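J.: Sharing a structure here in C-alpha cells format.
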Amino acid sequence: MSSSAWLSDALGEWSGLLGFAALVFALYYMGGGNGNNNNDAAHRAQRDRQGGADRERREMGAAATTNAGATTQDARQAAGGVETAVGRVRRMTVATVGVLFRADASKPLNARDGASLIPAAERAIRAAAAQGLELFLITHVDSDAAQESAQKSLKSSGISGTAIPPHRCLFCDTDVGRTALVRQLEPDVHVDAGLASVTELARFLPRVAHVVSTGSASSTVGKNVTSCAGLAELLLTS
Numbered sequence: 001m002s003s004s005a006w007l008s009d010a011l012g013e014w015s016g017l018l019g020f021a022a023l024v025f026a027l028y029y030m031g032g033g034n035g036n037n038n039n040d041a042a043h044r045a046q047r048d049r050q051g052g053a054d055r056e057r058r059e060m061g062a063a064a065t066t067n068a069g070a071t072t073q074d075a076r077q078a079a080g081g082v083e084t085a086v087g088r089v090r091r092m093t094v095a096t097v098g099v100l101f102r103a104d105a106s107k108p109l110n111a112r113d114g115a116s117l118i119p120a121a122e123r124a125i126r127a128a129a130a131q132g133l134e135l136f137l138i139t140h141v142d143s144d145a146a147q148e149s150a151q152k153s154l155k156s157s158g159i160s161g162t163a164i165p166p167h168r169c170l171f172c173d174t175d176v177g178r179t180a181l182v183r184q185l186e187p188d189v190h191v192d193a194g195l196a197s198v199t200e201l202a203r204f205l206p207r208v209a210h211v212v213s214t215g216s217a218s219s220t221v222g223k224n225v226t227s228c229a230g231l232a233e234l235l236l237t238s
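Structure below.
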C-alpha cells in the first residue's frame, strides 16, 4: 500500500473516532443540561406551590379577622341597645361623681368623704346592665386611697364584677383625663353632673345627659344636651 493511501485510511479512522466521541460528549452534555433544567423547573414549581400556600394562609387569616370583627359588630347591632329618655342607646359612659357616688361633682372623689352610692342610681345601673346596655363608669379621684374606696363600694354593691366587668370601671385623676377617656370610648350618650365637662363633651358627642340636683337650673349648653334628675330618670327605671 502506498504511503498516501495509508495516510488517507488512518485519517478516515481518526475522523470516525473523533466524530463518535463528539457525539457521545454532546449526548452526555445535553442529558446533563436537561437534568439541570428539569431540576430548575422542579424547584420553581415547588416555590410556586409554597408561595401559593402562603398566600392562601394569609388570605384565610385576613378573612378570619374580618369575619371576627364583623361578628362582634353584628352582635352589638343585634343587641339593639336599651330604651332611655334620650332614645335607644347601646353604649353609655357615666362620670360617677355626683351621678352614682353621692359627692360634689365639681371636685374629684376623695377618701375622706367616702364612696357612698346613690341607691336609685345603683339600681338603675344594675337594671340597665341586665338589659344589655354597655356601660362604662369613669370616676375622677384625687388619690389612690379614694380609688380603692370607690372600687370597694362598686364591688361590694355588685356593680363591678357582676353587673359591669371590672375593666369597664375606669379611674382618672384629672378632668382632661376624664374627657379623653369618654372621647376614646365614643358612647351613644355620656352622663355627667359636672357642667364644665358637659359643656366640653357636648362639642364631640352625639348626646350628653346633664344630671342636675333638685331645684337647680336645667342645662342650656346645646341641643344635644338633656337635663335629668338622675340615672333612674334617664334609664326609665324610676
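Residue numbers 1 to 238, in this note's numbering, belong to the letters of the sequence shown in order.
Cβ atoms here follow ideal geometry from the backbone N, Cα and C, with glycine treated the same way.
Computed from a prediction, not measured in an experiment: that's the story for all the values here.
Around the Cβ of residue 167, are there at least 16 other Cβ atoms within 10 angstroms (buried) or fewer (exposed)?
T.: Exposed, because fewer than 16 other Cβ atoms sit within 10 Å of the Cβ of residue 167.
J.: Could you check the C-alpha separation between residue 108 and residue 88 for me, to the nearest Å?
T.: In a straight line, the C-alpha of residue 108 is about 30 Å away from that of residue 88.
J.: Please state whether DSSP places residue 84 in a helix, a strand or coil.
T.: Residue state, collapsed to three classes: strand.
J.: By DSSP, does residue 233 sit in helix, in strand, or in coil?
T.: Helix.
J.: Helix, strand or coil for residue 118, going by three-state DSSP, please let me know.
T.: Three-state DSSP puts residue 118 in coil, outside helix and strand.
J.: What's the C-alpha gap between residue 228 and residue 144?
T.: Taking the straight line joining both Cα atoms gives about 31 Å.
J.: Residue 150: buried (16+ other C-beta within 10 angstroms of its C-beta) or exposed?
T.: Result: buried.
J.: Quick check: is the beta carbon of residue 229 nearer than 8 Å to any beta carbon in chain B?
T.: Protein chain content of the structure displayed is limited to a single chain, and chain B is not contained in it.
J.: If you follow the beta strand (DSSP E) that residue 226 is in, where does it begin and where does it stop?
T.: Its beta strand (DSSP E) spans residues 225-228.
J.: Could you give the distance in angstroms between the alpha-carbon of residue 96 and the alpha-carbon of residue 207?
T.: For residue 96 and residue 207, the distance between alpha carbons rounds to 17 Å.
J.: Going by other Cβ atoms of all chains shown within 10 Å of its Cβ, with 16 needed for buried, is residue 174 buried or exposed?
T.: Counting Cβ neighbours within 10 Å, residue 174 comes out exposed, since fewer than 16 surround it.
J.: Reducing DSSP to helix, strand and coil, say where residue 94 ends up.
T.: Looking at residue 94 - three-state DSSP - the assignment turns out to be strand.
J.: Are the Cβ atoms of residue 191 and residue 231 separated by less than 8 Å?
T.: Yes, the pair counts as a contact, with Cβ atoms nearer than the cut-off.
J.: Tell me whether residue 165 is buried or exposed, calling it buried when 16 or more other Cβ atoms sit within 10 Å of its Cβ.
T.: So residue 165 ends up on the exposed side.
J.: Could you have a look at residue 134 and say whether DSSP puts it in helix, strand or coil?
T.: Residue 134 falls in the strand class under three-state DSSP.
J.: Determine which residues share a DSSP beta bridge with residue 140 and list them.
T.: Paired residues: 172.
J.: So, are the CB atoms of residue 91 and residue 188 less than 8 Å apart?
T.: Result yes, Cβ atoms of residue 91 and residue 188 sit closer than 8 Å.
J.: Going by DSSP, what residues sit across from residue 164 in a beta bridge?
T.: Paired residue(s): 160.
J.: Going by the CB atoms, is the gap between residue 169 and residue 154 shorter than 8 Å?
T.: Cβ atoms of residue 154 and residue 169: closer than 8 Å.
J.: Buried or exposed: which applies to residue 128, given that a residue is buried once 16 or more other Cβ atoms fall within 10 Å of its Cβ?
T.: So residue 128 ends up on the buried side.
J.: Which two residues bound the contiguous beta strand (DSSP E) that contains residue 283?
T.: Examination of residue 283 is not possible in this model, given that the chain is present from 1 through 238 alone.
J.: Let me know the secondary structure DSSP gives residue 154 once reduced to three states.
T.: Reduced to three states, the DSSP call for residue 154 is helix.
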